[in-house]
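To convert, note that position 393 of the sequence shown is 393 in the UniProt record's numbering; the numbers rise steadily by one, no gaps.
Cβ atoms here follow ideal geometry from the backbone N, Cα and C, with glycine treated the same way.
Please read all numbers here as calculations on a predicted model, not as lab measurements.
Here the structure comes first, spelled out in structure tokens, and everything after it is commentary.
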Amino acid sequence: MEKIKKQRIILTAVLISYFLIIMSNSVIFTGVVNIQRDLSLSAKALPWVSNSYSLTFGGLLLLAGRLGDIFEKKLIFIIGIVVFGISSLLVGIANTSGLMILARAVQGIGASIIAPTSSALLLDTFAGAERTKAIALYGATAGIGSSVGLVVGGLFASLWTWRIGFLINFPIAAVLLYLVLKYVSSQAQHEGSKIDFGGSLLSILAVASILYAMTADSNQLIFLAIGIVLLIAFIVLEKKISRPIMPITLFQDPERIGAYIARFFYMAAMMSFWFFTPQLMQNTMNFTPLWVGFGFFPMTMVMYIVAMRLPIMTEKIGNARILRIGMVLTLLGMIWVCCFQSGFGYWFGIAAPMILVGAGQSMVISPLTVSGVVRTRGEESGAASGLVNAVHQIGGAVGLALITLLAGSIGNQVFRYRISMIVATVLVGLAYIATLLLVRIEKND
């Protein structure tokens with residue numbers, strides 16, 4: 001009984017920590033107008049409120065994941081919580097654009113530590129069917145956190161101040177710190193392990209260059225080329241050394257490869273949906289940030305309901321079948337929003353397809369998380385978790401940049417939205433194809 005209680009507390013702490021780092025990215029979208037006004041941010045500086053977080057989050061995930069394999073996971077997790085909590089406080093009290101952007105970058109560092117370490121803690125704490133259930137809830141938290149972030153951002157920006165969306169992270173982080181210190185067991189580091197400094201540096205620079213190329217005003221091709229060269233150098237190095245930051249063995253399993261590819265394309269589509277839909281609601285339907293937040297309640301509620309039922313559903317029909325059903329539901333919802341017209345109104349044009357997308361997302365992210373770490377050895381768990389989260393962040397950033405590039409210059413708001421969603425739907429289709437080809441259905445599924 002004591003063991004079960006401990007497992008539940010660890011699961012709760014892990015889910016809350018992961019929820020916070022995902023929510024802290026999307027909470028920006030519905031409060032961005034107020035943030036720009038309060039901090040006198042220029043149009044050029046404004047995107048960096050989000051990009052600074054994504055750059056450090058995505059760029060440091062592989063290193064953070066490997067640190068969790070080398071050093072005590074409990075210690076690394078504690079460091080991540082402390083960094084995230086303090087930086088969230090700094091974001092909340094920032095009175096200049098420079099401090100805001102810098103604090104957001106540090107917040108991304110904390111998130112990059114929490115994400116892979118929290119997932120690895122689940123792998124260490126649970127086994128068998130219980131592990132599958134725990135990872136399913138963990139994966140569902142990613143989608144719920146993104147959706148709730150939009151609601152919370154709009155609520156606080158309209159009723160009080162956008163700052164509360166960040167300030168609340170500090171006391172929650174304090175509670176998490178207490179739970180981790182009391183209930184998470186210490187584990188000895190792996191003997192003979194060492195940090196792959198060369199790989200760490202190359203991975204950070206490669207990801208940062210590629211992400212910067214997607215957001216820069218100029219020299220995009222130069223930074224993209226630099227990022228690709230650095231990425232190739234990183235892969236060559238990882239093949240040669242004995243203890244790489246990203247074990248190449250992670251790519252020897254077709255199911256894991258399929259999960260990484262599908263997650264990349266899927267998150268590329270979903271990040272664009274979360275980014276452009278609030279703009280449509282504000283600019284075309286004249287929603288306030290508060291009502292935009294309320295407008296995402298249908299999606300949030302259905303995601304929560306499906307997420308709570310997901311472990312039972314997974315046990316009955318299997319991980320791969322759940323994943324494919326979720327992909328189909330997402331595709332149907334995305335095809336629906338592609339047909340949006342001004343005369344549709346909110347309920348038919350946005351809320352109804354949003355329910356399909358929300359249900360689909362809850363059924364997709366969890367299985368992709370399971371498949372992304374399936375059949376990994378204990379010493380690879382942190383690296384596998386880091387790679388899953390890196391693909392999640394990079395996919396979203398690349399997709400948003402791609403769709404902005406293709407549709408951002410279109411003057412008509414509704415037409416721009418439809419073109420954006422058409423591209424996003426194609427990306428979901430590519431994710432679905434990857435799951436069909438590479439994520440297998442076991443005989444007992």
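Top-ranked residue by Cα proximity to D253, from L75, I232 and R375: For this step, residue 253 is matched to residue 253 along the sequence shown. Closest by alpha carbon: R375.
Opening and closing residue of the alpha helix (DSSP H) in which D124 lies: As a working note, residue 124 is residue 124 in the sequence shown. D124 -> alpha helix (DSSP H) spans S97 to T125.
Environment of Q341 [buried if 16+ CB atoms lie within 10 Å]: Along the sequence shown, one-based indexing puts residue 341 at 341. The residue is exposed, with fewer than 16 neighbouring Cβ atoms inside 10 Å.
C338 - DSSP class collapsed to helix/strand/coil: Counted from its first residue, the sequence shown places residue 338 at position 338. If DSSP states are grouped into helix, strand and coil, C338 belongs with the helices.
Reduced DSSP secondary structure (H/G/I, E/B, other) of T300: Position 300 of the sequence shown, counted from the first residue, corresponds to residue 300. Reduced to three states, the DSSP call for T300 is helix.
For N219, three-class secondary structure by DSSP: Position 219 of the sequence shown, counted from the start, is the residue given in the question as residue 219. N219: coil per DSSP, three-state reduction.
Among L290, R8, G58 and M354, nearest to L205 - alpha-carbon criterion: Numbered from its first residue, the sequence shown carries residue 205 at position 205. For the residues L290, R8, G58 and M354, the minimum Cα distance to L205 belongs to G58.
F77 burial status per 10 Å Cβ neighbour count (16 or more: buried): Along the sequence shown, one-based indexing puts residue 77 at 77. Buried, since its Cβ has 16 or more Cβ neighbours within 10 Å.
Segment limits, alpha helix (DSSP H) that includes residue 447: Nothing in the structure corresponds to residue 447, since the chain is present only between 1 and 445.
Straight-line gap, L231 to V207 (C-alpha atoms, nearest Å): Position 231 of the sequence shown, counted from the first residue, corresponds to residue 231. Position 207 of the sequence shown, counted from the first residue, corresponds to residue 207. Rounded to whole angstroms, L231 to V207 spans 8 Å at the Cα level.
Minimum length 4: unbroken alpha helix (DSSP H) runs contained in the region 6-75: 32-39 and 48-70
Coil, strand or helix - V184 by DSSP: Walking along the sequence shown from the start, residue 184 turns up at place 184. Coil at V184, not helix or strand.
Residue from I228, L176 and G92 whose Cα sits closest to the Cα of I164: Taking the first residue of the sequence shown as 1, we reach residue 164 at position 164. Among I228, L176 and G92, the Cα nearest to that of I164 belongs to G92.
Contact under 9 Å by Cβ, A434 with A268: Here residue 434 refers to the residue found at position 434 when the sequence shown is read from its first residue. Here residue 268 refers to the residue found at position 268 when the sequence shown is read from its first residue. Taking 9 Å as the Cβ cut-off, A434 and A268 do not qualify as a contacting pair.
For V426 and F265, the rounded distance between their alpha carbons: By 1-based counting over the sequence shown, the position of residue 265 is 265. By 1-based counting over the sequence shown, the position of residue 426 is 426. Cα-Cα distance, rounded: 9 Å.
Rounded distance between the beta-carbons of S272 and G399, thought under 8 Å: If you number the sequence shown from 1, residue 399 lands on position 399. If you number the sequence shown from 1, residue 272 lands on position 272. The Cβ separation is near 5 Å, so the contact holds.
Inter-residue CB distance, K73 and A120 (contact presumed, cutoff 8 Å): Counting from 1 along the sequence shown, the entry for residue 73 is found at position 73. Counting from 1 along the sequence shown, the entry for residue 120 is found at position 120. 6 Å between Cβ atoms; contact.
Opening and closing residue of the alpha helix (DSSP H) in which G165 lies: Counted from its first residue, the sequence shown places residue 165 at position 165. First-last of the alpha helix (DSSP H) with G165: I164 to L167.
Inter-stretch contact (C-beta, 8 Å, three-pair minimum) for the region 333-353 and the region 280-291: yes
Reduced DSSP secondary structure (H/G/I, E/B, other) of F294: Your numbering for residue 294 matches position 294 in the sequence shown. Three-state DSSP puts F294 in a helix.
Span of the alpha helix (DSSP H), counted from its first residue to its last, around R263: Position 263 of the sequence shown holds residue 263. P254 to N283 is the span of the alpha helix (DSSP H), which, as asked, contains R263.
V83 beta carbon less than 9 Å from that of A259: Against the sequence shown, residue 259 aligns to sequence position 259. Against the sequence shown, residue 83 aligns to sequence position 83. In this structure, V83 does not lie closer than 9 Å to A259 by Cβ.
V439 - DSSP class collapsed to helix/strand/coil: Taking the first residue of the sequence shown as 1, we reach residue 439 at position 439. In the structure shown, V439 sits in coil (DSSP, three-state: anything other than H, G, I, E or B).
Burial state of T12 (16 or more Cβ within 10 Å): Indexing the sequence shown from 1 puts residue 12 at position 12. T12 comes out exposed.
Assigned exposure category for G98 - 16 Cβ within 10 Å defines buried: Taking the first residue of the sequence shown as position 1, residue 98 is located at position 98. Answer is exposed; the Cβ neighbour count stays below 16.
Whole-angstrom distance between A213 and L405, CA atom to CA atom: Sequence index remark: in the sequence shown, residue 405 carries index 405 (1-based). Sequence index remark: in the sequence shown, residue 213 carries index 213 (1-based). About 12 Å.
C-alpha distance - A129 paired with I114, whole-angstrom precision: To locate residue 129, count along the sequence shown from 1; it is residue 129. To locate residue 114, count along the sequence shown from 1; it is residue 114. Cα to Cα, A129 sits roughly 24 Å from I114.
Member of C339, A383, M334 and C338 whose CA lies at the smallest distance from the CA of A359: By 1-based counting over the sequence shown, the position of residue 359 is 359. Here the closest residue by C-alpha is M334.
Beta carbon of G372 nearer than 9 Å to that of A384: Position 372 of the sequence shown, counted from the first residue, corresponds to residue 372. Position 384 of the sequence shown, counted from the first residue, corresponds to residue 384. A contact, by the Cβ cut-off of 9 Å.
Same chain, Cβ closer than 7 Å to T30, neighbours up to 5 away in sequence not counted: Along the sequence shown, read from residue 1 onward, the residue named residue 30 stands at position 30. Closer than 7 Å at Cβ, skipping near neighbours: L150, G153, G154, A157, P278, P289, V292 and G293.
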